[in-house]
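Before any comments, here is the structure.
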Amino acid sequence: MKFLTSKMNIFILIVIISFTLDNVLFQCSIPSPMTFINNFVHHIISMYLWFGSIIFGKYIYHLLFLCVVLIFQYYHKWKCPITLEYNKQCGFNLKENHKDIIYWINKNIFTHFPYYTFLKLLFVYDIYKLLIHYK
Numbered sequence: 000m001k002f003l004t005s006k007m008n009i010f011i012l013i014v015i016i017s018f019t020l021d022n023v024l025f026q027c028s029i030p031s032p033m034t035f036i037n038n039f040v041h042h043i044i045s046m047y048l049w050f051g052s053i054i055f056g057k058y059i060y061h062l063l064f065l066c067v068v069l070i071f072q073y074y075h076k077w078k079c080p081i082t083l084e085y086n087k088q089c090g091f092n093l094k095e096n097h098k099d100i101i102y103w104i105n106k107n108i109f110t111h112f113p114y115y116t117f118l119k120l121l122f123v124y125d126i127y128k129l130l131i132h133y134k
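Using numbering that gives the first Met the number 0, read the sequence shown as starting at 0 and increasing by one per residue.
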């Protein structure tokens, strides 16, 4: 149980760092409890999407979550409705992406990789781990 707690602490730390980075660098011009909650929940979802299987394992659950997110975004023309709503509430450009840790890594380090390349790599990672586990 202590091991699970340490994993959860790592996840919470990553969520807090991502959320704080977003709020410090891109302050909502019309802050409200709703924009705060929207943004915080979005960071939780986003950080699980990017780091969930790496931190927690549970590759089948993460793979299902990843597929649901990809289908959901495909259905919405590759725009996240949570991001669109937040951008609208805060007066940001509606074409802007969610400003999580991956956004900053992609913008500052991996400038030549399309955003969805990381999701494809996570998909392959989850499949690989599942194949190893059920071998």
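Every residue, glycine too, gets a C-beta built ideally from N, C-alpha and C.
Whose CA, out of the options, lies closest to the CA of residue i?
| i | options | result |
| --- | --- | --- |
| T116 | L69, C27, N86 and C79 | L69 |
| I29 | H132, N86, L118 and F18 | N86 |
| K6 | N96, I44 and I54 | I54 |
| M33 | Y73, Q88 and F25 | Q88 |
| C27 | K98, F50 and D125 | K98 |
| S45 | F35, L63, N22 and S17 | S17 |
| G90 | I9, L63 and F25 | F25 |
| I36 | E84, Y102 and L62 | E84 |
| G51 | I11, Y74, K106 and Y73 | I11 |
| N38 | I15, F71, I9 and W77 | I15 |
What is the C-beta distance between residue i and residue j, in whole angstroms, given that I count them as a contact (C-beta under 8 Å)?
| i | j | result |
| --- | --- | --- |
| H42 | T82 | Rounded, the Cβ-Cβ distance is 11 Å, inconsistent with contact. |
| L20 | L48 | Going by Cβ atoms, the distance from L20 to L48 rounds to 17 Å, so no, they are not a contact pair. |
| I100 | I13 | 7 Å |
| N92 | Y114 | At roughly 16 Å, the Cβ-Cβ gap does not stay under 8 Å, so N92 and Y114 are not in contact. |
| K136 | Y58 | It is not possible to answer for residue 136, since the shown part of the chain is limited to 0 through 134. |
**Request:** With a floor of 4 residues, list each alpha helix (DSSP H) that falls wholly inside the region 2-72, ordered by position along the chain.
**Result:** Within the region 2-72, the complete alpha helix (DSSP H) runs of at least 4 residues fall at 32-55.
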